[in-house]
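In this note's numbering, each number is its position in the sequence shown, counted from 1, plus 1154.
The beta-carbon is built from N, C-alpha and C at its ideal position, and this holds for glycine as well.
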Amino acid sequence: MNSSFTYNHTRFFYPTIADFANGVNGINANTGDPTNYDLQNGRDSSGTSGINGPRWVAKLSGMYALPGGMSAAAFFNAREGVQFNRTIQSPNRTGSLGTINVNIEPQGATHYESYRQVDAHWDKTFRYNARRFSFNIDAFNLLNAAPVLARITRQDASNANFATTILAPRVLRFGLKVNF
């Protein structure tokens, strides 16, 4: 059995509005726009490759060898819901700056629901002459959870809060492996 738990609490700090607008250390580089400074500076960030990732992730996996050449395994994956940073689009601004999506609440104030998924595996191995056959069954999203993973974040759009991604449904996979 293996397990892991990771917690990460990262915040981005920009010394000045100019640093935020022009980028510091490659973060937010070359935007030239300080509009969301107050709602992003010093706010929660995931510290992952994207600024909206989860703060915690938990995993548990195990395998058990059953009698008769069979084995069973399970995998549990859970994580905090990612940030749902809601915005509205500004009107065209002076100086040919165009529009920008403006945060309507501090970054990280709202999150999607937490994500939990259970996967399972079973296999049976048997021999015939010099060959070994392994029949297996995999079940993904065994509990058929369906959390929303992404939504339209723009709140002034006609499709505001529309779910764009949900967790894939339960899937069963049957397989046969032949070793010779």
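**Asked** Which residues mark the beginning and the end of the alpha helix (DSSP H) in which Leu-1193 is found?
**Response** Stepping through the sequence shown from its first residue, residue 1193 is reached at position 39. Start and end: 1191–1194.
**Prompt:** If you draw a straight line from the alpha carbon of Pro-1260 to that of Asp-1292, how long is it in whole angstroms?
**Reply:** Here the question's residue 1260 lines up with position 106 in the sequence shown. Here the question's residue 1292 lines up with position 138 in the sequence shown. Using only the alpha carbons, I get a separation of about 42 Å.
**Simplified DSSP assignment, three categories, for Asp-1310** = Start at 1 with the first residue of the sequence shown, and residue 1310 comes out as number 156. Reduced to three states, the DSSP call for Asp-1310 is coil.
**Asked** Can you list, in chain order, the residues of its chain whose CB lies under 8 Å from that of Thr-1170, leaving out five sequence neighbours each side?
**Response** Here the question's residue 1170 lines up with position 16 in the sequence shown. Within the same chain, Thr-1170 has no close Cβ partners at all.
**Asked** Skipping 5 residues on each side, what residues in its chain have a beta carbon closer than 8 Å to that of Leu-1303?
**Response** As a first step, residue 1303 is located in the sequence shown; it is residue number 149 there, counting from the start. Here the set comprises Val-1236, Tyr-1266, Tyr-1269, Thr-1319, Ile-1320, Leu-1321.
**CA-to-CA distance, Thr-1164 to Ser-1203, given in whole angstroms** = As a position in the sequence shown, residue 1203 is number 49, starting the count at 1. As a position in the sequence shown, residue 1164 is number 10, starting the count at 1. Low local confidence applies: a pLDDT of 48 at Ser-1203 is under 50, so the model's placement there is unreliable, with the coordinate-based value given in what follows. Rounded to whole angstroms, Ser-1203 to Thr-1164 spans 12 Å at the Cα level.
**Prompt:** Are the beta-carbon atoms of Thr-1189 and Val-1272 separated by less than 7 Å?
**Reply:** Here the question's residue 1189 lines up with position 35 in the sequence shown. Here the question's residue 1272 lines up with position 118 in the sequence shown. No; because the gap between Cβ atoms is not below 7 Å, this pair is not in contact.
**Uninterrupted alpha helix (DSSP H) stretches inside the segment 1248–1310 (no shorter than 4 residues)** = none
**Request:** Work out the CA separation of Tyr-1282 and Ala-1227 for me, nearest whole Å.
**Result:** For the purposes of this step, residue 1227 is identified with residue 73 of the sequence shown, where counting begins at 1. For the purposes of this step, residue 1282 is identified with residue 128 of the sequence shown, where counting begins at 1. One C-alpha to the other measures close to 25 Å.
**Prompt:** Taking Cβ to Cβ, would you say Asn-1324 is nearer than 7 Å to Asn-1295?
**Reply:** As a working note, residue 1324 is residue 170 in the sequence shown. As a working note, residue 1295 is residue 141 in the sequence shown. Position check: residue 1324 holds Arg in this sequence, whereas Asn was assumed. Yes; because the gap between Cβ atoms is below 7 Å, this pair is in contact.
**Message:** Taking its Cβ as the centre, do 16 or more other Cβ atoms sit within 10 Å of Arg-1197, making it buried, or is it exposed?
**Reply:** Translated into positions along the sequence shown, residue 1197 becomes position 43. So Arg-1197 ends up on the buried side.
**Request:** For Ala-1228, write down the residues that DSSP places opposite it in a beta bridge.
**Result:** The residue given as residue 1228 occupies position 74 in the sequence shown. DSSP output for Ala-1228 lists Gly-1216, Ala-1274 as bridge partner(s).
**Asked** According to DSSP, what are the bridge partners of Gly-1235?
**Response** The residue labelled residue 1235 in the question sits at position 81 within the sequence shown. According to DSSP, which records beta bridges pairwise, Gly-1235 is partnered with nothing at all.
**Message:** Give me, in chain order, the residues of the same chain whose beta-carbon lies closer than 6 Å to that of Arg-1327; leave out the 5 immediate sequence neighbours on both sides.
**Reply:** In the sequence shown, counting from the first residue as 1, residue 1327 sits at position 173. The answer, listed in chain order, is Asp-1292.
**Item:** Element boundaries [beta strand (DSSP E), containing Arg-1327]
**Value:** The residue labelled residue 1327 in the question sits at position 173 within the sequence shown. From DSSP, the beta strand (DSSP E) with Arg-1327 extends over 1325–1333.
**Prompt:** Anyone know if the C-beta pair for Val-1332 and Phe-1287 falls short of 7 Å?
**Reply:** Looking up residue 1332 in the sequence shown gives position 178. Looking up residue 1287 in the sequence shown gives position 133. A contact, by the Cβ cut-off of 7 Å.
**Message:** Taking the straight line between their C-alpha atoms, what separation do you get for Asn-1239 and Gly-1262?
**Reply:** For the purposes of this step, residue 1239 is identified with residue 85 of the sequence shown, where counting begins at 1. For the purposes of this step, residue 1262 is identified with residue 108 of the sequence shown, where counting begins at 1. Their backbone Cα atoms lie some 7 Å apart in a straight line.
**Asked** Within this structure, are the beta carbons of Thr-1264 and Arg-1308 separated by less than 7 Å?
**Response** Walking along the sequence shown from the start, residue 1264 turns up at place 110. Walking along the sequence shown from the start, residue 1308 turns up at place 154. In this structure, Arg-1308 does not lie closer than 7 Å to Thr-1264 by Cβ.
**Prompt:** Do you know how far the Cα of Phe-1316 is from the Cα of Gly-1216?
**Reply:** By one-based count along the sequence shown, residue 1216 stands at place 62. By one-based count along the sequence shown, residue 1316 stands at place 162. Taking the straight line from one Cα to the other gives about 37 Å.
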